[in-house]
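Chains as they are written, first to last, in this note's numbering: chain E, 339 to 677; chain R, 339 to 677.
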């Protein structure tokens, strides 16, 4: 039974386990420093499909198939799947998963979707609402650029604060408490908007939400940053990371020694032309499934915070002069053994 | 504690109550047969804002404010809000609710959002994950037409199967079991796609999902249609309603004597030029809050099924020749007294 530790944080005393997980990536991810940790990366980012949207759907389906297979279960064993993505109407999720026949709850949390979907899956287990749940998300550089900025063919210049939308997907299967990594706390974020209007500076739009959610979690859980081996944010990139650390320092919270940003891990910024780092739902999803969860399985890390951030950015509203709200949801995951 | 009655249906033995609810509408809704039942309708569908998107955000915020007020609580009393809408990046929800500071979980279920968000709110109560939760959604004819079909200024002809997107919002506050209407069952729908490709025939795209979810609920709950005073669908309209009844008849399930479609209630199709009826997240949301919940409060109805349907329609994927998947989530609501 979950215990409320404050308005935003739930302690999961039942503590559901991660039973399986998988990360899929494209060409840039295959050339990046985490390439070997992915379950599958593909040189051809069309994944054999005729459009970028269908490619992204294929990637999401492949991630879920792999995660199910690694958990040793089939779609009929899953009570509910939580999924969403960056594309309008979340089509990567709906088209990617429509043939599976799994009860489906669609989410929209922009790049926070991996944390939101995993939080929901874990909470459904914790609350006795499901016996096995899946969390899935994805992003694709080509579908996202076309939708949010410019068609690729336009060849628009990207400013230094811009991030590179990951072509990647991640899927996690959550089941009863067992040997796999366990979900111990969830902090549901609130929308934070400090007035950023630059659609090429998503890190700055998301950093205040990350700071708010991490601060809230530490306060409500009464724990300190040094209780955790690592504190991950989703895709703040170089600009957003600096802002996050500064915002938390103002509250006398120092996480810099333990903080890593998935957006700064996925690519080699020296060798790959990604400006401020990686972004997109697939960034934190794939880093979680390729890089973080395996270290919790092996016991190398005992306790990790995973706070994925979303810039709730709408091209329409930005054109209307509106600022970009951000949100961050946080999950505390421990290794399968005792805390 | 929720009891699983099958893969898709949960019986909510705790049975959280609806504490407050509100429906907001625009000009067409003000001229329709349910006008008097709305909390507020406004002749000026801009709601005093400079764009249609901001008007829709304003409407959603107003709906939630009213529902909170009727429940006698303030935003700080709400543990989590579930919200989503039809607009890209769900901006009516994120911009509409960003100033409230309530932990926010964004959903995308197209026109099924009222059922999805209310299901989530009820399940969070049932599972001990929240003590009070809100469910909110909206749609606006002008923002939806521009995004999904043509800008209004284009003056495109609408075929007879087309539906009129409601300019409306609904909000429900769910709390501990009490005097208010109680949520007794939830059926989480799966995605169903029978190959409809006509973006002007959403009813046909959604009817198979409605039939699947209603059939699943009746089978898993082992109840018959005559156990319910009314069985509501969200916005199938005239075309979709006929298809729903036919699909269920093939399974020897007859609901025609008790079935009503929110899309056929909101407007007077004889006097208002809405073709096959109303649609949009705001259609089922406002009919639930204006027309259905008050009759459960008064005890006129004892048991009602509310199955809101969503066409997961993407203009991009339809242009790529893809069909339109549908989904439907179902909620069984009883009057506050004994079942």
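Backbone N, C-alpha and C fix where the C-beta goes; we use that ideal spot for every residue, glycine too. Because the structure is a prediction, the values reported are computed rather than measured.
Check your understanding: Taking the alpha-carbon positions, what's the residue 562 of chain E to residue 668 of chain E distance?
Key -> As a working note, residue 562 of chain E is residue 224 in the first chain. As a working note, residue 668 of chain E is residue 330 in the first chain. Computed Cα separation, rounded: 15 Å.
Review point. Alpha carbon to alpha carbon, what distance is there between residue 513 of chain R and residue 356 of chain R?
Key: Here the question's residue 356 of chain R lines up with position 18 in the second chain. Here the question's residue 513 of chain R lines up with position 175 in the second chain. If I take the Cα positions, the gap works out to 6 Å.
Review point. Quick one: what does DSSP say residue 390 of chain E is sitting in, helix, strand or coil?
Key: In the first chain, counting from the first residue as 1, residue 390 of chain E sits at position 52. Residue 390 of chain E: helix per DSSP, three-state reduction.
Review point. Between the Cα of residue 587 of chain E and the Cα atoms of E:344, E:534, E:656, E:552, which residue gives the shortest distance?
Key: Stepping through the first chain from its first residue, residue 587 of chain E is reached at position 249. Residue 587 of chain E has its Cα closest to that of E:552, out of E:344, E:534, E:656, E:552.
**Study point:** residue 594 of chain R - DSSP class collapsed to helix/strand/coil
**Key:** Position 256 of the second chain, counted from the first residue, corresponds to residue 594 of chain R. Reduced to three states, the DSSP call for residue 594 of chain R is coil.
**Study point:** Sub-8 Å separation of residue 493 of chain E and residue 487 of chain E beta-carbons
**Key:** Translated into positions along the first chain, residue 493 of chain E becomes position 155. Translated into positions along the first chain, residue 487 of chain E becomes position 149. Taking 8 Å as the Cβ cut-off, residue 493 of chain E and residue 487 of chain E do not qualify as a contacting pair.
Practice item. Less than 8 Å between the CB atoms is what I'm expecting for residue 663 of chain E and residue 531 of chain E, so what's the real figure, rounded? Key: Counted from its first residue, the first chain places residue 663 of chain E at position 325. Counted from its first residue, the first chain places residue 531 of chain E at position 193. The Cβ separation is near 4 Å, so the contact holds.
Exercise for review: Give the straight-line distance between the Cα atoms of residue 416 of chain E and residue 528 of chain R, rounded to the nearest whole angstrom.
Suggested key: One-based indexing of the first chain puts residue 416 of chain E at position 78. One-based indexing of the second chain puts residue 528 of chain R at position 190. The alpha-carbon atoms of residue 416 of chain E and residue 528 of chain R are separated by roughly 12 Å.
Check your understanding: When burial is assigned at 16 or more other CB atoms within 10 Å of the CB, is residue 423 of chain R buried or exposed?
Key -> Stepping through the second chain from its first residue, residue 423 of chain R is reached at position 85. That one is buried.
Practice item. For chain E, find out if any of its Cβ atoms is closer than 8 Å to the Cβ of residue 452 of chain R; answer yes or no. Key: The residue you call residue 452 of chain R lines up with position 114 of the second chain. Judged by the 8 Å Cβ criterion, residue 452 of chain R is not in contact with chain E.
Review point. Residues of chain R with a CB under 8 Å from the CB of residue 465 of chain E: which are they?
Key: Here residue 465 of chain E refers to the residue found at position 127 of the first chain. Within chain R, the residues near residue 465 of chain E are 340, 461, 462, 464, 465, 466, 467.
Check your understanding: In whole angstroms, what is the alpha-carbon distance linking residue 384 of chain R and residue 485 of chain E?
Key -> Locating residue 384 of chain R in the second chain gives position 46, counting from the first residue. Locating residue 485 of chain E in the first chain gives position 147, counting from the first residue. Going from the Cα of residue 384 of chain R to the Cα of residue 485 of chain E covers about 26 Å.
Check your understanding: On the three-pair Cβ rule with 8 Å, is the segment 588-597 of chain R touching the segment 475-483 of chain R?
Key -> no
Check your understanding: Around the Cβ of residue 498 of chain E, are there at least 16 other Cβ atoms within 10 angstroms (buried) or fewer (exposed)?
Key -> Numbered from its first residue, the first chain carries residue 498 of chain E at position 160. Exposed, by the Cβ-count rule.
Review point. Are there three or more Cβ pairs, one per stretch, closer than 8 Å when the segment 343-354 of chain R is compared with the segment 508-526 of chain R?
Key: yes
Practice item. Output the boundary residues of the beta strand (DSSP E) element that contains residue 341 of chain R. Key: Within the second chain, numbered from 1, the residue matching residue 341 of chain R stands at position 3. Counting along the chain, residue 341 of chain R sits inside the beta strand (DSSP E) bounded by residues 340-342.
Check your understanding: Bridge partners of residue 525 of chain E, per DSSP?
Key -> One-based indexing of the first chain puts residue 525 of chain E at position 187. Answer by DSSP bridge pairing, in chain order: E:347, E:668.
Point to revise | Residue nearest to residue 419 of chain R in terms of C-alpha spacing, selected from R:465, R:443, R:659 | key: On the second chain, position 81 is the one that residue 419 of chain R refers to. Closest option to residue 419 of chain R, Cα to Cα, is R:443.
Check your understanding: So what's residue 376 of chain R in DSSP terms, helix, strand or just coil?
Key -> Walking along the second chain from the start, residue 376 of chain R turns up at place 38. Residue state, collapsed to three classes: coil.
Review point. How about residue 464 of chain E and residue 340 of chain E: are their beta carbons less than 8 Å apart?
Key: Here residue 464 of chain E refers to the residue found at position 126 of the first chain. Here residue 340 of chain E refers to the residue found at position 2 of the first chain. Against a cut-off of 8 Å, the Cβ pair of residue 340 of chain E and residue 464 of chain E comes out as a contact.
Review point. Around the C-beta of residue 666 of chain E, are 16 or more other C-beta atoms found within 10 angstroms, so that it is buried, or is it exposed?
Key: Within the first chain, residue 666 of chain E is the residue found at index 328, counting from 1. Around the beta carbon of residue 666 of chain E, 16 or more other beta carbons sit within 10 angstroms, so the residue counts as buried.
Point to revise | Whether residue 378 of chain E touches residue 629 of chain E by CB criterion (8 Å) | key: Stepping through the first chain from its first residue, residue 378 of chain E is reached at position 40. Stepping through the first chain from its first residue, residue 629 of chain E is reached at position 291. Not a contact, by the Cβ cut-off of 8 Å.
Point to revise | Residues near residue 618 of chain R by beta carbon distance below 7 Å, same chain, minus five either side | key: The residue you call residue 618 of chain R lines up with position 280 of the second chain. Hits under 7 Å: 424, 449, 477, 482, 503, 504, 573.
Check your understanding: What span of residues does the beta strand (DSSP E) with residue 411 of chain E cover, start to end?
Key -> Start at 1 with the first residue of the first chain, and residue 411 of chain E comes out as number 73. No beta strand (DSSP E) holds residue 411 of chain E; DSSP gives it neither H nor E.
Practice item. Just the C-alpha distance for residue 603 of chain E and residue 590 of chain R, rounded to the nearest angstrom, thanks. Key: Mapped onto the first chain, residue 603 of chain E falls at position 265. Mapped onto the second chain, residue 590 of chain R falls at position 252. Spanning the two alpha carbons is a distance of roughly 57 Å.
Exercise for review: May I ask you to list, following chain order, the residues of the segment 535-547 of chain E that have a beta carbon less than 9 Å from some beta carbon of chain R?
Suggested key: none
Check your understanding: Excluding five sequence neighbours on each side, which residues of the same chain lie with their C-beta closer than 7 Å to the C-beta of residue 363 of chain R?
Key -> Taking the second chain and counting its residues from 1, one reaches residue 363 of chain R at position 25. Excluding sequence neighbours, residue 363 of chain R sits near 376, 379, 505, 506, 624.
Review point. In this structure, does DSSP put residue 561 of chain E in helix, strand or coil?
Key: As a working mapping, residue 561 of chain E is identified with position 223 in the first chain. Three-state result, residue 561 of chain E: coil.
Practice item. Report the three-state DSSP secondary structure of residue 625 of chain R (helix, strand or coil). Key: Sequence index remark: in the second chain, residue 625 of chain R carries index 287 (1-based). Residue state for residue 625 of chain R is assigned as helix, using DSSP reduced to three classes.
Check your understanding: For residue 405 of chain E, which residues in chain R fall below 8 Å Cβ to Cβ?
Key -> As a working note, residue 405 of chain E is residue 67 in the first chain. Under the 8 Å cutoff, chain R gives no residues; its nearest Cβ is about 18 Å from residue 405 of chain E.
Check your understanding: Which value, in whole angstroms, describes the spacing of the CA atoms of residue 548 of chain R and residue 648 of chain E?
Key -> In the second chain, the residue the question calls residue 548 of chain R occupies position 210. In the first chain, the residue the question calls residue 648 of chain E occupies position 310. Distance between the alpha carbons of residue 548 of chain R and residue 648 of chain E: 32 Å.
Point to revise | chain E contact for residue 477 of chain R (CB, 8 Å cutoff) | key: As a working note, residue 477 of chain R is residue 139 in the second chain. No, residue 477 of chain R lies away from the interface with chain E (no Cβ there is under 8 Å from its Cβ).
Point to revise | Alpha-carbon to alpha-carbon, residue 359 of chain R and residue 510 of chain R | key: Against the second chain, residue 510 of chain R aligns to sequence position 172. Against the second chain, residue 359 of chain R aligns to sequence position 21. Roughly 4 Å separates the two Cα atoms.
Point to revise | Partner residues on chain R for residue 354 of chain E, Cβ-Cβ distance less than 9 Å | key: Along the first chain, read from residue 1 onward, the residue named residue 354 of chain E stands at position 16. Contacts between residue 354 of chain E and chain R, judged by CB atoms closer than 9 Å, are missing: the closest CB pair is about 12 Å apart.
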